[in-house]
Structures are given as C-alpha cells and as structure tokens.
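First comes the structure, then the notes that go with it.
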Amino acid sequence: MSSGVTSSCSNGSFGSDFSPPPPSLSQMFNMLDSAAELMMVHRDFHAALGTCNRGLESLACMELEENRCEELKAAFCMLGVQAQAELNQWHGVFSWVLQQYEHLEIIPAKIMQTCILLFSKVGEPAVMQEATRVWLHCSSNGNAAGFRTVAELYLLHILLPLGHLEEARELISGDVGRTAFTEDQRQTALDVVEEKTRQNEELFLNPRSPPDSDAAARPASTRGTVMCKLEAMLRFLHRKCLLTGLGSFPLRKVFLAAVLLYMLFLRLDPAHPSSFMWISKLLTLIRQMWRSMFAPYYQALT
C-alpha cells in the first residue's frame, strides 16, 4: 500500500484524496464581505480579524488566477490592518503584513500607504522608514499604480516629520523622484523641503514659546472672565442683603448658590455628565431665591 503525503491544507485523516475541497471563489468573497460587515457594521474587530486570518489561510490552499488571488489577499490584509488598528494592536501590524507576503518588495502599494498613514497617525513614522525606502527602490514597484502616492507619503509623513531633509532632497532628485513625479511635481516637492528647512532655521535662531502657549492662555483668560462675573454677582447679592435685611433674605441659599457657581464654572466641566446634578441643584436654588426676593412685589402688583 502506498503512503501518500497529506497536503498541508488538508485536515482529513485519509490523505489528500479525501480532503475537503478548498473554498470556492464565491465563498471567499462571502468571507470578505463577512469580515467587512463585522468591522464596519457590528464593530466586532476581534471577529473581523479572525475572519481575515481564516480567509488568508484559505487563499494559500486555493488555485486561483494570480491576479484574482492577489486582489483577495490585499483586501483581507487591508481589513486586517484596520481591525488591528481599532484594537490598538498597531505595534505588530507591519510584522503581520510581512507574514502574509514574506517578501517586503511584493507588498501592494495600497497596503504600504495604509501602514505609513497608520504609523504616522500614532506618532511612530520611523517604524516604516526603512521598509518604505526599500520598497521604493525596488525596480519592480516603479510601475505600480500607487507608487507615486507611496513616495509622497514617504516624503510628507516620514522624512519631513523626522527632519531628514537631505534624504528628502535625494529622494526627489534621484531615481525614485524621477519615476514618481513630473518635473513640476519635483519642483513643488523641493519647495516644500526648502520651506521646512527655513522654518527649522528660524526656530533655531529665534526660539519662541511653543504654539500651544496661546491655547493654554485662553482657558486662563476665560476663567478670569468667569471669576469677574461671579464677583460681580456676589457684590450684587451683598448689596441686596444690606438693603433688605438679613431676616427677609435667604443668606444661606445665597452662600450655597455661590459655592455651586464656583464649583461648576471653575472646578467642573459644565458639559460633563457628572455636572448635571450640580446644574439642576443650582437652577433650583436660583428659582427659590428669585421667588423669595421678588414674589412680594409680584403679589403687590396683582
């Protein structure tokens, strides 16, 4: 009896002749739709990532047209990258992509673009620097549909933020720049690099307070305005106490209202749900004070 070798994609116990057939093309598209629905509609990122992994494993066992197989693989990878980003597992995203493609140079341009934008958004552009440099200098990628976009993202989201201005100039003037950009586009890119250089020089020669200082000063000025209004209100209430006498004026409620105003505007965020109870209590006190102060006048008029 011959002992045949069982296929790695088979999970049966009777050899490859009795292994279940690989999923059809329509089943793969259904799996892709399911992964997209899990992520976009149900927001179940764990399940979406699991579906993408199963889809990629199934693709490895299928004999499809190369173009169709690569399209499905790229789609599963794109969804997988997004799912991992939503799960805050972005640290291992590019390693996961490399596991699917094995060779850096054959990763599709749209996946490279997604990874560059992801690591730029989380403030770690250096993670993609070396990989993108290698990808751009691979001659087989020069004709890829998204080659120019990858070069732009590499320039704007990696080299310039990291301050690698000389490398940026070399990229624009070198083979990558001539392949990716037109003459006008290269000149525009060089202008952007020179502007960044000028800004860095000005910052070095004329160090100023960071831009956020103005933003930090605005809340302080707003708080000062609120304090002035609160002081004016307390002065008014004090005059009212002197005019009407302590016996007829609810001094305890005035003090409590002042404390609530202080807590609400200076210590709490009025938009935060935890402030709703204090706002409601303050409104009740103001209504009671209004009635006690002005109700006698209304009754006299009626």
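For the sequence shown, my numbering begins at 8 and goes up steadily by one. A virtual CB, placed ideally from N, CA and C, is assigned to each residue, including glycine.
- Three or more beta-carbon pairs separated by less than 8 Å are not found between the segment 129-138 and the segment 148-158, which leaves the two stretches without contact.
- With a cutoff of 7 Å on beta-carbon distance, C68 and F83 are scored as not near each other.
- Look at the segment 63-97 and you find these whole runs of alpha helix (DSSP H), each 4 residues long or longer: 73-93.
- Taking the C-beta atoms as reference points, Q120 is found no nearer than 7 Å to L86.
- Between L79 and M46, the CB-CB gap reaches or exceeds 7 Å.
- Within the segment 115-144, the runs of alpha helix (DSSP H) that reach at least 4 residues and sit entirely inside it are, in chain order, 116-128 and 136-143.
- DSSP places E202 within a helical segment (H, G or I) once states are collapsed to three.
- By the neighbour-count criterion, in which a residue is buried when 16 or more other Cβ atoms sit within 10 angstroms of its Cβ, T139 is buried.
- About 13 Å separates the CB atoms of C122 and V141; that is not less than 8 Å, and the two are not in contact.
- With contacts defined by Cβ atoms closer than 7 Å, V200 and L163 do not form a contacting pair.
- The Cβ neighbour count for G170, taken over all protein chains shown within 10 Å, is under 16; the residue is labelled exposed.
- When DSSP states are grouped into helix, strand and coil, G153 belongs to the coil group.
- In this structure, the CA atom of L212 is about 10 Å from the CA atom of Q206.
- Considering only T186, L111, P115 and S180, the residue with the shortest C-alpha distance to R155 is T186.
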